[in-house]
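**Q** Have a look at the structure that comes next, please.
Residue numbers (this note's numbering), protein chains in the order written: chain A, 1 to 200; chain B, 1 to 200; chain C, 1 to 200.
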């Protein structure tokens, strides 16, 4: 459980970093950037906890999550001006973060007795809602509604995790399989520009 | 109660269908359309449950709501390209959905002991907030803030329901009266382009 | 406590008035304006209550908050057309409202046992989130992310309140000191156009 906690914090940091890098193209001051960095990192788990009634939400009594988001955002804010990172430097960490958030969210919902469809949904919400909130606050059409397969990868992983956890493996193995699947689908989608069908 | 449950599901389906039809003018993929379809259908009741502290929210342990939203959205997504429905095909179902959501939301809040003004507000939130969320996610100024009388019809019906329920009728009759009022006001507003006063 | 309650209601009224004055430049009808007025006034405290699990949220069983927001919004809507108020008429009341919301929010979170960083965050959320919601509903990039020091003043006051409350003063004195600090920082920031650093 301690490893998952550490990975969870890493996923929060990755979200905060990528959001800060994206926010630099917008007319935001340091405070605005930090708010958006923290919200990207903890927004998904927060909505999951509210919907499931796990209140107070998880970061109220564990401020480490907020601290990690603030630190990652502040460092990126000041270093990001000088550093010229390669464009796709964060694609793999970002995919791992999505995978981790998805599996954690699904597993929490299952433990609370949610039906499988709802548990998978909670996994997807945990994985993608931070980014949706970031885009809404930045006054943009949320990226995940129009981009390469992203939430779809999260959904596939959540469903796989539920199936493996129920019928076959111990939880740790089910988590690893599901997370690998999410990362692979996500990277394949980026590489071959896989898209879901769209209207027009 | 079983009839109300069925009607409730119908209202979710109607919301999902109209949202999918509207989303087709936007640059969304299938996943984005389905998310918006489901959120339109269950968003109002979800906010109501959170504000009232009825957690987990109502669809966590009854996935039928989400399933109905997904099915209605998917069918509309694929059939909607071929079908050329008359422009106002959904006006009456939509008005009935608004009426139903309003009365259900008001009645739930009353049962929890909320004061009448707050109960009416919860009815309006249940009725219109799904559409507000849809518009925010689509990065639009919410329609109900600028269109023909919509939330106003919902509010009038909620207040009528509270009065009838308190002073006169049995609940089923009060529900029917209130719902008819909402549908009539809504259709009258559309037909005669009734508008609330506005600044400038 | 009764004085704080009265001041709290005043802060709700100020939020509703300033939001109505801002909304007049948008294509909103009376209903839209009132919704935005009420949400600006009670949105911050509502999010705080949800995150902390204080449900139902505070205005469910005390409709006075909603009534005050509605009255202030309606009066401003109809008088606002005739009255030509000086442009910065509301700057001082607005700063007092921010100060009051911040201190109340922080104090509630402390009482529930939240760590100091989280308590300060709850103060800031209570102080600024109503305005963020207003801007999102109006489809604008939230003002506080790009304007003169606003949330920063709230944060400084929240932290000062926590320190004074813990180490030195009785709560009433700590509240007054913290609130004065917020008002002074806010007015100084407006007067000298103080800004946080920004990217680019």
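In this text, a Cβ means the ideal position worked out from N, Cα and C, and glycines have one as well.
Are the C-beta atoms of residue 31 of chain C and some chain B residue less than 8 Å apart?
**A** The residue given as residue 31 of chain C occupies position 31 in the third chain. Interface residue, yes.
**Q** In this structure, how does DSSP classify residue 165 of chain B when only helix, strand and coil are distinguished?
**A** Counting from one through the second chain, the residue named residue 165 of chain B turns up at place 165. If DSSP states are grouped into helix, strand and coil, residue 165 of chain B belongs with the helices.
**Q** Is it buried or exposed for residue 5 of chain C, if we count other Cβ within 10 angstroms and need 16 for buried?
**A** If you number the third chain from 1, residue 5 of chain C lands on position 5. It counts as exposed.
**Q** Using CA coordinates, which residue listed in A:168, A:155, A:169 is at the minimum distance from residue 183 of chain A?
**A** The residue labelled residue 183 of chain A in the question sits at position 183 within the first chain. For the residues A:168, A:155, A:169, the minimum Cα distance to residue 183 of chain A belongs to A:155.
**Q** Do residue 16 of chain B and residue 99 of chain B have their C-beta atoms closer together than 8 Å?
**A** Translated into positions along the second chain, residue 16 of chain B becomes position 16. Translated into positions along the second chain, residue 99 of chain B becomes position 99. The answer is no: Cβ separation not under 8 Å.
**Q** Quick check: the Cα distance between residue 164 of chain C and residue 97 of chain C, rounded to an integer number of angstroms?
**A** Walking along the third chain from the start, residue 164 of chain C turns up at place 164. Walking along the third chain from the start, residue 97 of chain C turns up at place 97. Each residue's alpha carbon lies about 21 Å from the other.
**Q** Note down, in chain order, each residue of its chain lying with its Cβ closer than 6 Å to the Cβ of residue 110 of chain B, except the 5 sequence neighbours on either side.
**A** Here the question's residue 110 of chain B lines up with position 110 in the second chain. Cβ within range, chain order: 119.
**Q** Starting from residue 191 of chain B, trace the alpha helix (DSSP H) in both directions and tell me its first and last residue.
**A** Along the second chain, read from residue 1 onward, the residue named residue 191 of chain B stands at position 191. 171-192 is the extent of the alpha helix (DSSP H) around residue 191 of chain B.
**Q** Closer than 7 Å between beta carbons: that is the criterion. Which residues of the segment 106-137 of chain C meet it against chain A?
**A** Within the segment 106-137 of chain C, the residues whose Cβ lies closer than 7 Å to some Cβ of chain A are 114, 115, 117, 118, 121, 136, listed in chain order.
**Q** Label residue 2 of chain C either buried or exposed according to how many other C-beta atoms from any shown protein chain fall within 10 Å of its C-beta, with 16 as the threshold for buried.
**A** Start at 1 with the first residue of the third chain, and residue 2 of chain C comes out as number 2. Exposed, by the Cβ-count rule.
**Q** Out of A:12, A:158, A:81, point me to the one whose CA is closest to residue 63 of chain A's CA.
**A** For the purposes of this step, residue 63 of chain A is identified with residue 63 of the first chain, where counting begins at 1. Answer by Cα proximity: A:12.
**Q** Between residue 79 of chain C and residue 38 of chain C, what straight-line distance do the alpha-carbon atoms span, to the nearest angstrom?
**A** Numbered from its first residue, the third chain carries residue 79 of chain C at position 79. Numbered from its first residue, the third chain carries residue 38 of chain C at position 38. About 17 Å.
**Q** Is residue 94 of chain C helix, strand or coil when you go by DSSP?
**A** Position 94 of the third chain, counted from the start, is the residue given in the question as residue 94 of chain C. In the structure shown, residue 94 of chain C sits in a helix (DSSP, three-state: H, G or I).
**Q** Helix, strand or coil: how does DSSP classify residue 62 of chain B here?
**A** As a working mapping, residue 62 of chain B is identified with position 62 in the second chain. Residue 62 of chain B falls in the coil class under three-state DSSP.
**Q** With 8 Å set as the bound, which would you pick, yes or no: does the beta-carbon of residue 12 of chain A sit closer than that to a beta-carbon of chain C?
**A** Position 12 of the first chain, counted from the first residue, corresponds to residue 12 of chain A. So no, residue 12 of chain A is outside the interface.
**Q** Buried or exposed for residue 113 of chain B, going by 16 or more other Cβ atoms inside 10 Å?
**A** By 1-based counting over the second chain, the position of residue 113 of chain B is 113. With fewer than 16 other Cβ atoms within 10 Å, it is exposed.
**Q** Taking just the CA atoms, how far does residue 76 of chain C sit from residue 34 of chain A?
**A** One-based indexing of the first chain puts residue 34 of chain A at position 34. One-based indexing of the third chain puts residue 76 of chain C at position 76. Looking at the two C-alpha atoms, the distance is approximately 35 Å.
**Q** Please name the residue, chosen from B:140, B:181, B:189, that lies closest to residue 26 of chain C on a Cα-to-Cα basis.
**A** By 1-based counting over the third chain, the position of residue 26 of chain C is 26. Taking only the C-alpha atoms, the option nearest residue 26 of chain C is B:140.
**Q** Using the three-state DSSP reduction, which class does residue 123 of chain C fall into: helix, strand or coil?
**A** By 1-based counting over the third chain, the position of residue 123 of chain C is 123. Three-state result, residue 123 of chain C: helix.
**Q** Just confirm the distance between the C-beta atoms of residue 18 of chain C and residue 101 of chain C, as a whole number of angstroms; I'd bet it's less than 8 Å.
**A** As a position in the third chain, residue 18 of chain C is number 18, starting the count at 1. As a position in the third chain, residue 101 of chain C is number 101, starting the count at 1. Going by Cβ atoms, the distance from residue 18 of chain C to residue 101 of chain C rounds to 13 Å, so no, they are not a contact pair.
**Q** Residues in the same chain with beta-carbon distance under 8 Å from residue 51 of chain C, minus the five sequence neighbours each way, listed in chain order, please.
**A** Here residue 51 of chain C is taken as the residue at index 51 of the third chain, counted from 1. Once the five neighbours on either side are set aside, the close Cβ partners of residue 51 of chain C are 122, 125.
**Q** Taking the CB atoms as reference points, tell me whether residue 29 of chain B and residue 197 of chain A lie closer together than 8 Å.
**A** Taking the first residue of the second chain as position 1, residue 29 of chain B is located at position 29. Taking the first residue of the first chain as position 1, residue 197 of chain A is located at position 197. Cβ atoms of residue 29 of chain B and residue 197 of chain A: closer than 8 Å.
**Q** For residue 48 of chain B, does the count of other Cβ atoms within 10 angstroms reach 16, so buried, or fall short, so exposed?
**A** In the second chain, the residue the question calls residue 48 of chain B occupies position 48. So residue 48 of chain B ends up on the buried side.
**Q** With 8 Å as the C-beta to C-beta threshold (strictly closer), list the residues of the segment 56-71 of chain C near chain B in chain order.
**A** Within the segment 56-71 of chain C, the qualifying residues are 56, 57, 59, 60, 61, 63, 66, 67.
**Q** Taking residue 82 of chain B as the reference, which of B:21, B:194, B:130, B:177 has the closest Cα?
**A** Sequence index remark: in the second chain, residue 82 of chain B carries index 82 (1-based). The option with the nearest alpha carbon to residue 82 of chain B is B:21.
**Q** Comparing alpha-carbon positions, which option in C:66, C:74, C:105 lies nearest residue 159 of chain C?
**A** One-based indexing of the third chain puts residue 159 of chain C at position 159. Ranking the options by Cα distance to residue 159 of chain C, first place goes to C:105.
**Q** Is any beta-carbon of chain C found at less than 8 Å from that of residue 139 of chain A?
**A** Residue mapping note: residue 139 of chain A aligns to position 139 of the first chain, counting from 1. Interface residue, yes.
**Q** Under 9 Å between beta-carbons, which chain A residues line up against residue 181 of chain C? List them in chain order, please.
**A** As a working mapping, residue 181 of chain C is identified with position 181 in the third chain. None at all; the shortest Cβ gap to chain A is about 17 Å.
**Q** So, under 8 Å CB-CB, residue 136 of chain A and residue 136 of chain B are touching, yes? Tell me the CB distance rounded to an integer number of Å.
**A** Position 136 of the first chain holds residue 136 of chain A. Position 136 of the second chain holds residue 136 of chain B. That pair is a contact at about 6 Å.
**Q** Which whole-angstrom value is the C-beta distance of residue 41 of chain C and residue 130 of chain C, which I expect to be below 8 Å?
**A** As a working note, residue 41 of chain C is residue 41 in the third chain. As a working note, residue 130 of chain C is residue 130 in the third chain. Going by Cβ atoms, the distance from residue 41 of chain C to residue 130 of chain C rounds to 6 Å, so yes, they are a contact pair.
**Q** Taking only beta-carbon atoms, is residue 50 of chain A less than 8 Å away from chain C?
**A** Numbered from 1 along the first chain, position 50 holds the residue referred to as residue 50 of chain A. Chain C, which has a Cβ nearer than 8 Å to the Cβ of residue 50 of chain A, makes this yes.
**Q** Could you check where the alpha helix (DSSP H) with residue 12 of chain C kicks off and where it finishes?
**A** For this step, residue 12 of chain C is matched to residue 12 along the third chain. Here the alpha helix (DSSP H) through residue 12 of chain C covers 2-23.
**Q** Per DSSP, what kind of secondary structure is residue 89 of chain C in: helix, strand or coil?
**A** Working through the third chain from its first residue, we reach residue 89 of chain C at position 89. Coil, per DSSP.
**Q** According to DSSP, is residue 81 of chain B helix, strand or coil?
**A** Position 81 of the second chain, counted from the first residue, corresponds to residue 81 of chain B. Note: residue 81 of chain B maps to coil in three-state DSSP.
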